[in-house]
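Worksheet: the structure to be examined is printed underneath.
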Amino acid sequence: MRICGSFLFWAKKKHGAAARRELERESNNVELQNRMTVNLAEPVTEEMPTDRFIAWTLERFSDQRMVITTSFGMEGCALIDMCASHGKPITVVYLDTGFFFQQTLELKDRMAERYPHLRFVNRGTSLTPQQQAEKYGDELWKTNSDLCCKLRKVDPMYEVMAETDVWITGLRRSQSVARANLQMIEWEWRYQALKISPLAKWERPEIVEYIKKHSVPYNVLHEQGYPTVGCTHCTRPVPGSTLGDYSRAGRWSDSEKTECGLHGGEGI
Ligand code: SF4
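Be aware that the sequence shown starts at -9, since it is given in the numbering used here, and climbs by one per residue.
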């Protein structure tokens, strides 16, 4: 059934706003159904629209243990919105390091409220900052940031991945040299999981455009000069940075380190 705008106009005149809302809802459902009609035999290519690729992923691996992982960066928020729009109860995993900005925690609450059909799960380390200090010394992020990232990010990630078959990420190729060869679908040997990166070919301005168009919540720190947001101890604003700029310059800015080790590259 196809519902056109003139029919909606007629319905509004004849039956009032309630009827119009009902028809609009039906129209939206039809649109959603069309998007969710996936031909699994369709070849997956770089040219496939992201929305169709996500629909294909959710359908193709519906019987697998599938998670989205996020640190609530702008890309992650856009990805969550794209996946959520398909109406499936996907699990979103985040690793609270114990050093999140308050703004990040507030964003997590806003996302959970906006997408009640998704399951937001914190799989951060049980090692408290105090226990870490007692065992490894004060301010480990200064004395051995690789070990700190291993304890608070990488080890917990391995635990998540041990229970995951299909891992959906918000990574983009142009984020860094280490991510330049990212594939939309690839086997991640390290985690023994299928890694899906629907945003691989997206650029930051497109992400911002999507976020704005769909009113997706995002971290207010992005408007205060933070191109990316990680732990409080290791994230700094980058002077002059705007929403559309992506740079890892504000991360571990006192060292050569650019990656925490979750996604390969140096840092582990
Ligand atoms: S980003 Fe910094 S504080 Fe966070 S886990 Fe890594 S080294 Fe530790």
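Even for Gly, the Cβ is constructed at its ideal location relative to N, Cα and C.
- Task: Return the chain-ordered list of same chain residues with a C-beta closer than 7 angstroms to the C-beta of E239, the five sequence neighbours on each side being excluded.
- Result: Mapped onto the sequence shown, residue 239 falls at position 249. At residue 239 the sequence reads Ala, which differs from the Glu that was named. The answer, listed in chain order, is V228.
- Query: Taking L95 as the reference, which of E65, D71 and T60 has the closest Cα?
  - Reply: Looking up residue 95 in the sequence shown gives position 105. For the options E65, D71 and T60, the alpha carbon positioned closest to that of L95 is the one of T60.
- Which residues in the same chain have their Cβ closer than 7 angstroms to the Cβ of G215, if we skip the five residues on either side of it in sequence? Counting from one through the sequence shown, the residue named residue 215 turns up at place 225. The beta carbon of G215 lies closer than 7 angstroms to those of P227, V228, P229 and S231 in the same chain, with the five residues before and after it left out.
- Message: Are there any heavy atoms of the ligand FAD lying less than 7 angstroms away from the beta-carbon of H253, as far as the coordinates show?
- Response: As presented, the structure is devoid of the ligand FAD, carrying the ligand SF4 as its sole ligands.
- L263: which of N29, T81, I70 and E129 sits nearest, CA to CA? Residue coverage of the chain in this structure runs from -9 to 258, which leaves residue 263 outside it and unanswerable.
- Listed by chain order, which residues have C-beta atoms less than 6 angstroms from any heavy atom of the ligand SF4? With the criterion CB distance below 6 angstroms from any heavy atom of the ligand SF4, the matching residues run T87, F89, W131, S135, C138, C139, R142, K143, G220, C221, H223, C224 and C250 along the chain.
- Task: Taking M101 and C67 to be in contact with their CB atoms under 8 angstroms, please state how far apart those CB atoms are, rounded to whole angstroms.
- Result: Taking the first residue of the sequence shown as 1, we reach residue 101 at position 111. Taking the first residue of the sequence shown as 1, we reach residue 67 at position 77. About 7 angstroms; that satisfies the 8 angstroms criterion.
- Query: Out of curiosity, what's the CA-to-CA distance linking Y105 and P119?
  - Reply: Within the sequence shown, residue 105 is the residue found at index 115, counting from 1. Within the sequence shown, residue 119 is the residue found at index 129, counting from 1. Between Y105 and P119, the C-alpha separation is close to 30 angstroms.
- Query: Between the segment 165 to 172 and the segment 122 to 142, do at least 3 Cβ pairs fall closer than 8 angstroms?
  - Reply: Counting Cβ pairs under 8 angstroms, fewer than three are found: no touch.
- Task: Throw me the rounded Cβ distance for the P188 and I80 pair, which I believe falls under 8 angstroms.
- Result: Stepping through the sequence shown from its first residue, residue 188 is reached at position 198. Stepping through the sequence shown from its first residue, residue 80 is reached at position 90. In fact, because the Cβ distance is near 13 angstroms, the residues do not count as touching under 8 angstroms.
- Runs of alpha helix (DSSP H) lying entirely within the segment 22 to 104, each at least 4 residues, in chain order: Every alpha helix (DSSP H) of 4 residues or more that sits fully in the segment 22 to 104 is shown, in chain order, as 40 to 50, 64 to 74 and 92 to 104.
- Could you spell out where the beta strand (DSSP E) holding R109 opens and where it closes? Working through the sequence shown from its first residue, we reach residue 109 at position 119. It spans R109 to N112 - the beta strand (DSSP E) in which R109 sits, taken as one unbroken run.
- Message: If distances are taken between C-alpha atoms only, which option among Q121, M174 and S135 comes closest to E249?
- Response: Start at 1 with the first residue of the sequence shown, and residue 249 comes out as number 259. If we check each option's Cα against that of E249, S135 comes out closest.
- Looking only at its own chain, which residues have a Cβ that is under 8 angstroms from the Cβ of L137, when we skip the five neighbours before and after it? Walking along the sequence shown from the start, residue 137 turns up at place 147. For L137, where only same-chain residues beyond five positions count, the Cβ hits under 8 angstroms are Y126 and L130.
- Simplified DSSP state of W131, which is helix, strand or coil: For this step, residue 131 is matched to residue 141 along the sequence shown. Residue state, collapsed to three classes: helix.
- Item | Contacts around T133, its chain only, beta-carbon distance under 7 angstroms, and the 5 residues preceding and following it disregarded | For the purposes of this step, residue 133 is taken as residue 143 along the sequence shown, with counting starting at 1. Setting aside the 5 residues that flank it on each side, T133 is surrounded in the same chain by G127, each with a C-beta closer than 7 angstroms to its C-beta; the list follows chain order.
- Task: Could you pull out every residue in the same chain whose Cβ sits closer than 8 angstroms to the Cβ of V144, ignoring the five residues on either side in sequence?
- Result: The residue you call residue 144 lines up with position 154 of the sequence shown. C250, G251, L252 and I258, listed in sequence order.
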